[in-house]
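A.B. asks: Can you read through this structure? Questions will come right after.
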Amino acid sequence: MKAFLLTVILATITAAGASQSLPGFKSSGQFDEQQTVIENSVAGTRVLINAPMTGFGTDDHVLLVLYALPNGNTIEQTFGKLLKEDDDWHYDIQHIGAQTRFLRRVITDRTVVVAYLENEQRSWPAWSANTPGHTEIVKKMVDEITSLFAPWNPELVLNGHSGGGRFIFNYIDAHEQIPGCVVRIAFLDSNYGWEGERYGPKIVSWLRSGKSRYLCTLAYNDSVVIYNGKPLVSPEGGTWYRSWKMKDYLSASFSLKRRERDSLLWYSSRDRRIEFIFKPNPGGKIFHTQQVEYNGLIHSILSGTRNEQKGYRYFGGRAYSGLISDTIIVPVRRLNIPERNPAAEPGSEFMKRISELPLKDREEEIYIAAASGNIPAFLRETVTLKGVFNDLNGTPHDLEYEVIPDYLAIGSDDDFCRIPITPGTAQRLADLFGASLLTAKLSDHVWSKAEVKPEPFFYRPVGNANELVTKFEEHNEQIERQLADAGWRHGQLVAGIKKDVIISSRIAERPDRVVIYGWHRPDGSPIQPVYSGHIWWYVDYSHGIRFINARVLVDGIPVKVSDLLKDQVLFRILTDEENPIEMSFYPKNRIL
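When you line the sequence shown up against the numbering used here, it's residues 333 to 924, in that order.
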């Protein structure tokens with residue numbers, strides 16, 4: 333995803349077979365897996381990446397499966413789990429999580445990673461029709477995911493069910509030729525968008541470009557299905573029709589042999605790199621989900637290999653039943669902080685450049701720097717904090733949230749400066765990163781969990797000296813000395829070094845003010861009580877910006893911080909204030 337990850341990854345690669353936690357990934361707590369979530373709120377996309385805890389040594393290679401979700405399904409439903417009473421039936425129709433575990437036991441020369449691709453409309457055809465520039469967005473999504481595994485030379489599999497085929501075609505549309513890193517394309521009853529003249533030449537050229545190229549297409553006869561008194565698909569709109577057209581197109585370039593087995597029609601090339609499997613449907617039944625459930629993902633990855641039909645049968649019984657988890661643990665998405673350009677200004681040079689600028693210009697330069705990713709790498713790796721907090725009725729709830737380990741800074745790991753900014757600039761960055769500021773209650777909790785808690789260091793006010801960039805730098809140097817004495821290392825959770833700019837009901841009561849709190853003493857008491865006496869543009873050396881992920885987990889369920897604070901009962905989980913906080917953000921359009 334981001335260049336800064338490459339540095340961290342390359343520095344921490346372990347020997348093959350050793351457990352390794354990837355940067356930004358969280359353990360799922362089961363089956364030795366780790367996961368991360370990437371969201372793009374502007375594009376309306378969400379990606380869960382599921383990887384094993386091993387297989388990331390210096391000699392390993394990654395097989396990255398991009399699985400585009402079917403219409404109407406969430407990531408969680410697609411991943412699958414054992415059904416419990418009152419569970420939605422969608423959790424039991426695909427089981428991509430369990431099928432992936434089967435594949436990991438069979439494929440020993442690659443580390444199998446699966447990216448689940450979802451959009452807010454739960455339909456890739458609908459999303460594509462309503463999203464300008466959708467092909468370029470899809471390309472960037474794939475590039476971002478792929479870059480996470482760059483050290484392991486990832487080979488890509490374009491895979492998807494139902495409307496997920498539109499994602500595959502979008503990716504093909506985004507390139508003049510299908511990239512060489514793509515080693516397999518699989519349509520699981522999903523090639524509704526097939527157009528011979530549009531996609532045929534690219535697929536033929538790709539298949540001819542190397543012996544490691546595989547194409548697998550699964551379809552059943554949906555043209556004879558009557559649903560609620562009407563045909564399920566138009567005569568030319570279903571995957572049955574499209575798959576035959578696709579097969580006929582490729583037959584002009586490749587010899588495909590027909591055979592019948594297990595009530596299925598198989599068309600395969602001599603080297604088995606091309607495979608079409610058709611399911612006749614004399615009873616007019618709907619087999620759409622069974623195309624996946626009956627080992628569809630497994631077969632789409634193993635077709636044409638020495639492991640095809642070994643230990644499983646396509647359209648047979650579930651070969652993965654013993655690998656289905658009883659719960660689904662999906663982490664909140666990572667912060668959307670852009671990668672840092674290696675040529676970006678070091679912190680010391682940046683601070684020198686902005687030292688004499690008027691406040692308005694200084695704030696804009698800070699925003700541009702942070703928004704472009706000129707932030708130390710160690711601030712990107714959030715720390716997971718957990719606690720039990722009561723709601724307004726006294727009911728306890730498990731809270732889990734992600735917080736950056738230190739205060740916002742500009743620069744690199746080796747040359748940075750913690751930077752105080754106005755709440756408006758902080759809010760602009762929070763919105764860009766998918767973050768939120770702390771409440772006073774969470775500020776206390778962060779301090780209680782911090783690994784390093786230096787004694788607060790303050791300067792007596794002399795004129796406006798405490799508001800100057802030179803004082804920001806001086807205070808930063810003092811903090812660095814204290815942290816060095818404490819044996820601190822990058823990425824450790826630190827507290828007690830700054831006051832927090834917080835969110836509070838006082839924002840709505842006094843929108844022309846900044847609300848600050850904290851600067852905890854060694855005994856945990858804050859030097860600064862909740863205070864909103866400063867005008868909104870006031871900034872001094874003691875102010876710090878601490879971001880948390882704007883999504884938290886409450887009893888394992890993802891919830892937006894803003895929604896939680898508005899809830900008439902649950903708001904107390906995040907704040908000790910008397911009433912819900914309707915305005916949990918600062919105005920961003922202040923003009924100095």
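Yeah, the Cβ is synthetic: ideal placement off N, Cα and C, and Gly gets one too.
Small disclaimer: the values here were computed from a predicted structure and weren't measured.
If we count the other Cβ atoms within 10 Å of its Cβ and call it buried at 16 or more, is Ser657 buried or exposed?
C.D. replies: Counting Cβ neighbours within 10 Å, Ser657 comes out buried, since at least 16 surround it.
A.B. asks: Which residues mark the beginning and the end of the alpha helix (DSSP H) in which Gly719 is found?
C.D. replies: Element bounds for Gly719: not the alpha helix (DSSP H) but the beta strand (DSSP E), Val715 to Asn722.
A.B. asks: As an exercise, report each continuous beta strand (DSSP E) stretch of at least 3 residues that is fully enclosed by the segment 604-645, in chain order.
C.D. replies: 606-611, all fully within the segment 604-645.
A.B. asks: Identify every residue that forms a DSSP beta bridge with Ser768.
C.D. replies: Bridge partners of Ser768: Ile880.
A.B. asks: Following the continuous alpha helix (DSSP H) through Phe804, name the residue where it begins and the one where it ends.
C.D. replies: Segment Val801 to Asp817, the alpha helix (DSSP H) holding Phe804.
A.B. asks: Given a threshold of 16 other Cβ atoms within 10 Å of its Cβ, counted over all protein chains shown, does Asp895 qualify as buried or as exposed?
C.D. replies: Exposed, by the Cβ-count rule.
A.B. asks: DSSP on Ala762, reduced to helix/strand/coil?
C.D. replies: DSSP places Ala762 in helix when its eight states are reduced to three.
A.B. asks: Using the beta-carbon count (16 or more within 10 Å), is Ser541 buried or exposed?
C.D. replies: With fewer than 16 other Cβ atoms within 10 Å, it is exposed.
A.B. asks: Which residue comes first and which comes last in the beta strand (DSSP E) that contains Glu450?
C.D. replies: Looking at the DSSP string, the run of the beta strand (DSSP E) that includes Glu450 is Thr443 to Asn451.
A.B. asks: Name, in chain order, the residues that DSSP records as bridge partners for Thr386.
C.D. replies: Partner(s): none; Thr386 has no beta bridge.
A.B. asks: Can you grab the Cα-Cα spacing for the pair Ala758 / Asp887, in whole Å?
C.D. replies: Answer to the nearest angstrom: the Cα atoms are 29 Å apart.
A.B. asks: So that I know if they touch, is there some Cβ in chain D lying closer than 8 Å to that of Arg378?
C.D. replies: Chain labels in this structure do not include chain D; a single protein chain is all it has.
A.B. asks: Report yes if the CB atom of Asn881 is closer than 8 Å to the CB atom of Thr771, and no otherwise.
C.D. replies: No; because the gap between Cβ atoms is not below 8 Å, this pair is not in contact.
A.B. asks: Which residue marks the beginning of the beta strand (DSSP E) containing Thr907, and which one marks its end?
C.D. replies: It is not in any beta strand (DSSP E) - Thr907 carries neither H nor E in the DSSP assignment.
A.B. asks: Helix, strand or coil, according to DSSP, for Asn523 in the structure here?
C.D. replies: DSSP places Asn523 in coil when its eight states are reduced to three.
A.B. asks: Which residues bound the beta strand (DSSP E) around Gly850?
C.D. replies: Segment Ile848 to His852, the beta strand (DSSP E) holding Gly850.
A.B. asks: Residue ranges of each beta strand (DSSP E) run of no fewer than 3 residues wholly in the segment 376-441, ordered along the chain?
C.D. replies: Entirely contained in the segment 376-441, the beta strand (DSSP E) runs reaching 3 residues are, in chain order, 377-384 and 394-400.
A.B. asks: Helix, strand or coil for Gln352? Go by DSSP, reduced to three states.
C.D. replies: Gln352 falls in the coil class under three-state DSSP.
A.B. asks: So, for Ser455: in the same chain, excluding its five sequence neighbours on each side, which residues have a beta-carbon less than 6 Å away from its beta-carbon?
C.D. replies: These residues qualify, in order along the chain: Asn403 and Gly495.
A.B. asks: For His822, which of helix, strand or coil comes out of DSSP?
C.D. replies: Reduced to three states, the DSSP call for His822 is coil.
A.B. asks: Look up Thr754 in the DSSP assignment and say whether it is helix, strand or coil.
C.D. replies: DSSP places Thr754 in coil when its eight states are reduced to three.
A.B. asks: With 16 as the cutoff for other CB atoms within 10 Å, does Gln352 come out buried or exposed?
C.D. replies: It counts as buried.
A.B. asks: Exposed or buried, which one is Pro690 when buried takes at least 16 other CB atoms within 10 Å?
C.D. replies: Exposed is the call here.
A.B. asks: Using 8 Å as the threshold, is the C-beta distance between Asn722 and Val901 below it?
C.D. replies: Contact flag unset, no.
A.B. asks: For the alpha helix (DSSP H) containing His466, name the first residue and the last one.
C.D. replies: Note, His466: alpha helix (DSSP H), His466 to Ser479.
A.B. asks: Assign Lys413 to one of two classes, buried (16 or more other C-beta atoms within 10 Å of its C-beta) or exposed (fewer than that).
C.D. replies: Buried: at least 16 other Cβ atoms inside 10 Å.
A.B. asks: Does the Cβ of Val735 have 16 or more other Cβ atoms within 10 Å, making it buried, or fewer, making it exposed?
C.D. replies: By the 10 Å Cβ count, Val735 comes out buried.
A.B. asks: Give the straight-line distance between the Cα atoms of Ala703 and Leu815, rounded to the nearest whole angstrom.
C.D. replies: Their backbone Cα atoms lie some 27 Å apart in a straight line.
A.B. asks: List the DSSP bridge partners of Glu371.
C.D. replies: BP columns for Glu371 point to Arg378.
A.B. asks: Tell me, to the nearest whole angstrom, how far the beta carbon of Val489 is from that of Gly643; I am working on the premise that it is less than 8 Å.
C.D. replies: In fact, because the Cβ distance is near 19 Å, the residues do not count as touching under 8 Å.
A.B. asks: Given a threshold of 16 other Cβ atoms within 10 Å of its Cβ, counted over all protein chains shown, does Ser544 qualify as buried or as exposed?
C.D. replies: When all chains shown are included, Ser544 counts as exposed.
A.B. asks: Using only the alpha-carbon positions, how far apart do Glu365 and Leu717 sit?
C.D. replies: Those two C-alpha atoms are separated by around 20 Å.
A.B. asks: Which value, in whole angstroms, describes the spacing of the CA atoms of Thr386 and Pro355?
C.D. replies: For Thr386 and Pro355, the distance between alpha carbons rounds to 14 Å.
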